[in-house]
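Engineer:
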Ligand code: ATP
Ligand code: BTN
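Numbering (full-length UniProt numbering), first residue to last: 86 to 326.
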């Protein structure tokens, strides 16, 4: 479904799922602009008209809520693969939910639960990908960013991108639903922006160490003063250390 201007494609799709209007995994809603685009923890996602992709897809998490971490990482892998295959762009992923090119943010992923956390729970996968941002973005985004037109050096057909993204996501998420995250660990680690680098994790805990990659559950492995520790996403943010 394509909308013109909406508050947030994640909110719109969530409402549809809760109203029982959507139950086919892979169902996708896109918009041209958002007036209340969201990032994690209520942060704002800058969403000007026709300048980005505002994309939300419904998925059923058959394995239950504990698989949400892996799902979000598989989404990042799907995006990185597509960028490489279609646009020859080398993207990196920042655990747990962002895609970077040349150290700048290209794309954010926001996975939200639509309803109760039970086996076979409903999730909304929100993706914001910058395509060709206007100058004013400089005043609206408080970190370094990049857009796909610049990163790839080509004009981007957003309709084609939506179709390819949906196809790639359905393919990898179907594999994830059947086989879990373990077969994606190596690929995630190859795309990992901070692989073998010094990092700090901030949030409800604060630790420093060397980022080793992720484990079979998608938890982040950090070699700290207290040995190798595994951290689960949610409220944590990864930064250079
Ligand atoms: P983390 O996810 O590690 O906590 P983050 O700073 O990337 O870190 P998010 O909540 O993932 O935080 O994303 C929201 C942030 O993304 C905003 O605070 C802003 O800095 C940035 N941002 C907002 N809109 C855009 C955009 N269109 N393109 C790139 N970055 C954006
Ligand atoms: C992040 O980096 O924190 C995630 C940003 C996710 C933005 C997308 S745009 C489409 C969808 N609708 C929203 O309100 N947010 C996501």
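Note that CB positions come from ideal geometry on N, CA and C, so glycine has one too.
Applying the criterion that 16 or more other CB atoms from any shown protein chain within 10 Å of the CB defines a buried residue, is residue 206 buried or exposed?
Structural biologist: Residue 206 comes out buried.
Engineer: Please state whether the Cβ-Cβ distance between residue 161 and residue 194 is less than 8 Å.
Structural biologist: Yes. Within cutoff.
Engineer: Which of helix, strand or coil does DSSP assign to residue 193?
Structural biologist: Three-state result, residue 193: strand.
Engineer: Got a sec, what are the start and stop residues for the beta strand (DSSP E) residue 210 sits in?
Structural biologist: Unbroken beta strand (DSSP E) run through residue 210: 206-215.
Engineer: Would you tell me roughly how many angstroms separate the C-alpha atoms of residue 311 and residue 292, rounded to the nearest one?
Structural biologist: Straight-line Cα distance between these residues: approximately 10 Å.
Engineer: Mind checking whether residue 233 and residue 214 have CB atoms under 8 Å apart?
Structural biologist: The answer is yes: Cβ separation under 8 Å.
Engineer: Going by DSSP, name the residue or residues bridged to residue 268.
Structural biologist: According to DSSP, which records beta bridges pairwise, residue 268 is partnered with nothing at all.
Engineer: When you compare only the Cα positions, how much space is there between residue 124 and residue 229?
Structural biologist: Each residue's Cα considered, the two are about 15 Å apart.
Engineer: I'd like to confirm something about residue 195: is its beta-carbon nearer than 7 Å to some heavy atom of ligand 2, or not?
Structural biologist: Under cutoff, so the answer is yes.
Engineer: Quick check on the DSSP output: the beta strand (DSSP E) that includes residue 314 runs from which residue to which?
Structural biologist: From DSSP, the beta strand (DSSP E) with residue 314 extends over 312-316.
Engineer: Cβ-heavy atom distance between residue 187 and ligand 1 below 7 Å?
Structural biologist: No - ligand 1 has no heavy atom lying nearer than 7 Å to the Cβ of residue 187.
Engineer: Taking residue 231 as the reference, which of 140, 156, 324 and 175 has the closest Cα?
Structural biologist: Checked all of 140, 156, 324 and 175; the closest Cα to residue 231 is 175.
Engineer: The beta strand (DSSP E) spanning residue 91 covers which residue range?
Structural biologist: Here the beta strand (DSSP E) through residue 91 covers 87-91.
Engineer: For residue 184, count the other beta carbons within 10 Å of its own beta carbon; 16 or more makes it buried, fewer makes it exposed. Which is it?
Structural biologist: Buried is the call here.
Engineer: Mapping DSSP to helix, strand and coil, what is residue 145?
Structural biologist: Residue 145 falls in the strand class under three-state DSSP.
Engineer: Considering only the beta carbon of each residue, do residue 308 and residue 294 sit closer than 8 Å?
Structural biologist: Yes.
Engineer: Quick one: is residue 163 buried, meaning 16 or more other Cβ sit within 10 Å of its Cβ, or exposed?
Structural biologist: By the neighbour-count rule (16 or more Cβ atoms within 10 Å), residue 163 is buried.
Engineer: For ligand 1, is there any heavy atom lying closer than 7 Å to the beta carbon of residue 226?
Structural biologist: Within the cutoff, so yes.
Engineer: In this structure, what does DSSP give as the bridge partners for residue 157?
Structural biologist: None, per the DSSP bridge assignment.
Engineer: What whole-angstrom Cβ distance do residue 118 and residue 132 have, given they're in contact under 8 Å?
Structural biologist: The pair is a contact, with the Cβ atoms about 6 Å apart (cut-off 8 Å).
Engineer: Let me check understanding here. Comparing Cα to Cα, which of 114, 238, 197 and 106 lies closest to residue 186?
Structural biologist: Comparing Cα positions, the closest option is 238.
Engineer: Based on Cα-Cα distance, which residue from 273, 91 and 306 lies nearest to residue 283?
Structural biologist: Comparing Cα positions, the closest option is 306.
Engineer: Give a yes or no on contact between the segment 253-264 and the segment 147-161, applying the rule of three or more CB pairs nearer than 8 Å.
Structural biologist: Yes, since at least three Cβ pairs between the segment 253-264 and the segment 147-161 fall closer than 8 Å, the two stretches touch.
Engineer: Between residue 320 and chain D, is the shortest Cβ-Cβ distance under 8 Å, so that the two count as touching?
Structural biologist: Here there is only one protein chain, and chain D is not present.
Engineer: So which of 91, 286, 201 and 116 has the shortest CA-CA distance to residue 315?
Structural biologist: That would be 286, whose Cα lies nearest to the Cα of residue 315.
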